[in-house]
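Enquirer: Residue numbers (the numbering used here): 5 to 409. All C-beta atoms in this analysis are idealised placements derived from N, C-alpha and C, irrespective of residue type, glycine included. Note that the structure is predicted; figures quoted are calculated from it, not measured. Below you'll find the structure I mean.
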Ligand SMILES: Nc1ncnc2c1ncn2[C@@H]1O[C@H](COP(=O)(O)OP(=O)(O)OP(=O)(O)O)[C@@H](O)[C@H]1O
Ligand SMILES: [Mg+2]
């Protein structure tokens, strides 16, 4: 028995030791778990803080850029006049002053006529302004397919024939001209007194050819877009070429192309530059380029002969006041939907000596009003007589001496 005593003691103490170790292990495991949990919390906090820090850094960057931008001096907008040896240019400021300056290395591919930003002090070119030229130009010009057809033109037989020959035919059958070996005119000039159907002719030819019809008004080009005229002309022709076949119709072309005694004032110089650009554009494309130009004016007397030189608007078509037969034709066009009673159109037309197409149309509308005022549903010869008197009277009031000789 005694022999067993120390052995028992040993077993006992080992058990106690093991229990102690197990307890210690348990304590350690739980504190490890705790630490792991704490670690998790800390790393989520860290993540959050890192995210916040990124946001703050971005905010700082933005504010900083904004601040730097605000501190920068404003740049002036100028236009390139001439480029010299790739890194120098003559620029023009909006006030008309011209300067010789350097082009910054970062600015590439500049061309004359483009807008750039220049440093206020050195006037060196810092940036190019990129306009989306087509969108810009499409805001300023009218592009549409006119509804007016040949049928709506009364009289003007020879004029219609000529317009068809020089505008419609080359657009429809360019090959024919190539084979025969002649060059159709690039453009025509319609001239004559107001209201005789010049605009109507241009629209009808655009209607019959399915060409893109780009309509610009000369006086608007020079008045509304001061300083931009030349650039707009350039863009108009770019657009015309892009959308070919097309017809560029320049109404009131005299506003651009009038002969000038002096070119002293800046306004005159501006018109002159727009005009020069127009000539350059006309010279710049080939005869069969599928772009036709129609100019219209009622002041051919003041037109600069440069515009009607060969290769430009070299076919002049006079659109004059209609004769009696012409007046009858126009009257038929404008009265075709009217409810007429006992009206003899030839007699009405005989009464309208000296009337333009626009006035004949006004007579028809006015005659209709006479009927409406009397609560009638039909128009009588007396209505026409009254209308003719009224229109003639209005015109006499408006007539300016010396206008269109
Ligand atoms: N020959 C015509 N046949 C039918 N209608 C005509 C004729 N001429 C003129 N008109 C009528 O008069 C309106 C005005 O004509 P249009 O605008 O073509 O004149 P214009 O010659 O261009 O005048 P302006 O020189 O004032 O611009 C036309 O919309 C049309 O209704
Ligand atoms: Mg017109």
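Round the Cβ separation of residue 244 and residue 218 to the nearest angstrom and send it over; I've been treating them as touching at under 8 Å.
Expert: Contact flag correct, Cβ pair sits at about 6 Å.
Enquirer: Could I get the ranges of all uninterrupted beta strand (DSSP E) runs contained in the segment 80-123, with 3 residues as the minimum, in chain order?
Expert: Fully enclosed beta strand (DSSP E) runs of 3 or longer: 92-96, 102-106, 119-123.
Enquirer: Consult DSSP for residue 359 and reduce its assignment to one of helix, strand or coil.
Expert: Looking at residue 359 - three-state DSSP - the assignment turns out to be coil, as it is neither helix nor strand.
Enquirer: Given a threshold of 16 other Cβ atoms within 10 Å of its Cβ, counted over all protein chains shown, does residue 138 qualify as buried or as exposed?
Expert: The predicted model places residue 138 with a pLDDT of 48, which falls under 50 and marks its position as unreliable; any figure quoted below should be read in that light. With fewer than 16 other Cβ atoms within 10 Å, it is exposed.
Enquirer: CA-CA distance, residue 235 and residue 202?
Expert: Rounded to whole angstroms, residue 235 to residue 202 spans 27 Å at the Cα level.
Enquirer: For residue 137, which of helix, strand or coil comes out of DSSP?
Expert: At residue 137, the pLDDT of 47 sits below 50, so the modelled position is not reliable and the matter cannot be decided from this model.
Enquirer: Answer yes or no: do residue 371 and residue 359 have a C-beta to C-beta separation smaller than 7 Å?
Expert: Not closer than 7 Å, so no.
Enquirer: So residue 107 packs on residue 133, CB below 8 Å; how close in whole Å?
Expert: Between residue 133 and residue 107 the Cβ distance is about 14 Å, and since that is not below 8 Å, they are no contact.
Enquirer: Is it the case that the Cβ atoms of residue 209 and residue 169 are separated by a distance below 7 Å?
Expert: Not in contact: residue 209 and residue 169 (Cβ atoms no closer than 7 Å).
Enquirer: Does any heavy atom of ligand 1 sit closer than 6 Å to the C-beta of residue 369?
Expert: False, no ligand heavy atom lies under 6 Å from that Cβ.
Enquirer: Report back the beta-carbon spacing between residue 254 and residue 295 to the nearest angstrom; my notes put them in contact at under 8 Å.
Expert: No, residue 254 and residue 295 are not in contact; Cβ-Cβ is about 13 Å, not under 8 Å.
Enquirer: Could you check if residue 362 belongs to the surroundings of ligand 1, using beta carbon to heavy atom distance under 6 Å?
Expert: Flag set: Cβ of residue 362 near ligand 1.
Enquirer: DSSP has residue 383 in a bridge; who is on the other side?
Expert: According to DSSP, residue 383 bridges with 344.
Enquirer: To the nearest angstrom, report how far apart residue 55 and residue 66 are at their CA atoms.
Expert: Straight-line Cα distance between these residues: approximately 17 Å.
Enquirer: So what's residue 128 in DSSP terms, helix, strand or just coil?
Expert: Three-state DSSP puts residue 128 in coil, outside helix and strand.
Enquirer: Quick check: the Cα distance between residue 285 and residue 190, rounded to an integer number of angstroms?
Expert: Their Cα atoms are separated by approximately 11 Å.
Enquirer: With residue 236 as the anchor, note down where its alpha helix (DSSP H) starts and where it stops.
Expert: Start and end: 233-246.
Enquirer: Given residue 311, which residues of its chain have a CB within under 6 Å of its CB, disregarding the five upstream and five downstream residues?
Expert: If we look at residue 311 and ignore the five residues flanking it on each side, its Cβ neighbours are 261, 317.
Enquirer: What are the start and end residues of each continuous beta strand (DSSP E) run of 3 or more residues lying completely inside the segment 163-203, in chain order?
Expert: Counting whole runs of 3 or more residues, the segment 163-203 contains the beta strand (DSSP E) stretches 191-195.
Enquirer: Cβ atoms of residue 196 and residue 322: under 7 Å apart, would you say?
Expert: Yes, Cβ-Cβ distance for residue 322 and residue 196 is below 7 Å.
Enquirer: Just the residues with CB closer than 6 Å to a heavy atom of ligand 2, in chain order, which are they?
Expert: Here the list is 202, 203, 255, 300.
Enquirer: Report buried or exposed for residue 239, applying the criterion of at least 16 other Cβ atoms within 10 angstroms of its Cβ.
Expert: Buried is the call here.
Enquirer: Which first and last residues belong to the beta strand (DSSP E) in which residue 221 is found?
Expert: 216-221 is the span of the beta strand (DSSP E), which, as asked, contains residue 221.
Enquirer: Could you say which of 78, 19, 105 lies nearest to residue 91 if we only look at CA atoms?
Expert: Residue 105 is the option with its Cα nearest to residue 91.
Enquirer: Quick one: what's got a C-beta closer than 6 Å to residue 408's C-beta in the same chain, skipping five residues either side?
Expert: At residue 408, the pLDDT of 41 sits below 50, so the modelled position is not reliable; the number obtained from the coordinates is stated separately. The answer, listed in chain order, is 197, 302.
Enquirer: What is the DSSP secondary structure of residue 19, reduced to helix, strand or coil?
Expert: Correct three-state label for residue 19: helix.
Enquirer: Which value, in whole angstroms, describes the spacing of the CA atoms of residue 174 and residue 315?
Expert: Rounded to the nearest angstrom, the two C-alpha atoms are 15 Å apart.
Enquirer: In whole angstroms, what separates the C-alpha of residue 24 from that of residue 30?
Expert: Rounded to the nearest angstrom, the two C-alpha atoms are 10 Å apart.
Enquirer: What are the partner residues of residue 250, as DSSP defines its beta bridges?
Expert: Partner(s): 216, 295.
Enquirer: How about residue 365: is its Cβ closer than 6 Å to a heavy atom in ligand 1?
Expert: Because some heavy atom of ligand 1 lies under 6 Å away, the Cβ of residue 365 counts as near it: yes.
Enquirer: Helix, strand or coil for residue 313, going by three-state DSSP, please let me know.
Expert: Note: residue 313 maps to coil in three-state DSSP.
Enquirer: Give a yes or no on whether the C-beta atoms belonging to residue 395 and residue 367 are separated by under 7 Å.
Expert: For residue 395 and residue 367, yes; Cβs fall inside 7 Å.
Enquirer: With C-beta atoms as the reference, is residue 319 less than 7 Å away from residue 192?
Expert: Going by C-beta atoms, residue 319 is nearer than 7 Å to residue 192.
Enquirer: Rounded to a whole number of angstroms, what is the C-alpha to C-alpha distance between residue 252 and residue 263?
Expert: Between residue 252 and residue 263, the C-alpha separation is close to 22 Å.
Enquirer: Taking 6 Å as the cut-off, is the beta-carbon of residue 321 closer than that to any non-hydrogen atom of ligand 1?
Expert: Result no, Cβ not under 6 Å from ligand 1.
Enquirer: Looking only at its chain, what residues have a beta carbon closer than 7 Å to the beta carbon of residue 247, apart from the 5 residues adjacent to it on each side?
Expert: Same-chain partners within the cutoff: 216.
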